[in-house]
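Residue numbers (this note's numbering): 17 to 156.
Given below as structure tokens:
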């Protein structure tokens with residue numbers, strides 16, 4: 017609980033748009049008004065037309081379409097409103113739900129990093145998916 021409170025205090029005043037700094041937003045279930053996850057956006061430190069994103073949905077609310085709805089909203093905001101050029105997401109290579117989500121909204125696989133991260137006591141591999149604005153526009 018202390019870690020969560022500290023995290024909230026450190027992030028509560030962050031706003032979208034500062035390159036190199038993660039900003040996180042809560043994901044609310046509109047039907048219940050409850051927090052069910054978060055999404056994060058970080059503009060590239062060297063080129064603010066590129067962003068890294070991430071989404072986390074509580075296991076209690078997965079497989080209900082929330083992640084796809086949020087991902088589509090993020091892409092619409094970043095590509096259509098903010099006019100970004102490129103969006104990237106990196107995920108655990110074993111996370112088939114996220115991999116399927118990325119494919120379903122039009123991301124393409126760009127990289128496979130083999131045993132590049134030590135997490136929960138073991139080496140893990142990651143995939144990197146990306147989308148360009150022109151690829152997003154072509155889907156409309």
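Note that beta-carbon positions come from the ideal geometry of N, C-alpha and C, so glycine has one too.
* Within this structure, are the beta carbons of residue 57 and residue 39 separated by less than 8 Å? -> Locating residue 57 in the chain shown gives position 41, counting from the first residue. Locating residue 39 in the chain shown gives position 23, counting from the first residue. Yes, the Cβ-Cβ distance between residue 57 and residue 39 is below 8 Å.
* Asked: Looking at the structure shown, is residue 48 part of a helix, part of a strand, or coil, going by DSSP?
  -> The sequence position of residue 48 within the chain shown is 32, counting from 1. Three-state result, residue 48: coil.
* To do: For residue 76, count neighbouring Cβ atoms within 10 angstroms of its own Cβ and tell me buried if that reaches 16, exposed if not.
  => Locating residue 76 in the chain shown gives position 60, counting from the first residue. Classification of residue 76: exposed, given that the 10 Å Cβ count is below 16.
* Roughly how many angstroms lie between the CA atoms of residue 154 and residue 22, to the nearest whole one? -> Against the chain shown, residue 154 aligns to sequence position 138. Against the chain shown, residue 22 aligns to sequence position 6. If I take the Cα positions, the gap works out to 42 Å.
* Could you give the distance in angstroms between the alpha-carbon of residue 55 and the alpha-carbon of residue 140? -> Reading the chain shown from its first residue, position 39 is the one you call residue 55. Reading the chain shown from its first residue, position 124 is the one you call residue 140. If I take the Cα positions, the gap works out to 22 Å.
* Asked: Taking C-alpha atoms, which residue in 43, 143, 101 lies nearest to residue 74?
  -> Position 58 of the chain shown, counting from 1, holds the residue named residue 74. That would be 43, whose Cα lies nearest to the Cα of residue 74.
* Asked: Using the beta-carbon count (16 or more within 10 Å), is residue 125 buried or exposed?
  -> If you number the chain shown from 1, residue 125 lands on position 109. Exposed is the call here.
* May I ask you to verify whether the region 95-114 touches the region 57-70, counting CB pairs closer than 8 Å and requiring at least 3? => yes
* Taking only runs of the beta strand (DSSP E) that begin and end inside the region 55-101, which ones reach a length of at least 3 residues, in chain order? -> 66-73
* Asked: Does the beta-carbon of residue 134 have 16 or more other beta-carbons within 10 angstroms, so that it is buried, or is it exposed?
  -> Residue 134 sits at position 118 when you count from the first residue of the chain shown. Exposed, by the Cβ-count rule.
* Asked: So, are the CB atoms of residue 117 and residue 84 less than 8 Å apart?
  -> The residue labelled residue 117 in the question sits at position 101 within the chain shown. The residue labelled residue 84 in the question sits at position 68 within the chain shown. Contact: yes.
* Buried/exposed call for residue 95, threshold 16 Cβ in 10 Å -> What you label residue 95 is simply residue 79 of the chain shown in a count that begins at 1. Classification for residue 95: buried.
* Asked: If we ignore side chains and look at the alpha-carbon of each, how far apart do residue 47 and residue 41 end up?
  -> Here residue 47 refers to the residue found at position 31 of the chain shown. Here residue 41 refers to the residue found at position 25 of the chain shown. Rounded to the nearest angstrom, the two C-alpha atoms are 18 Å apart.
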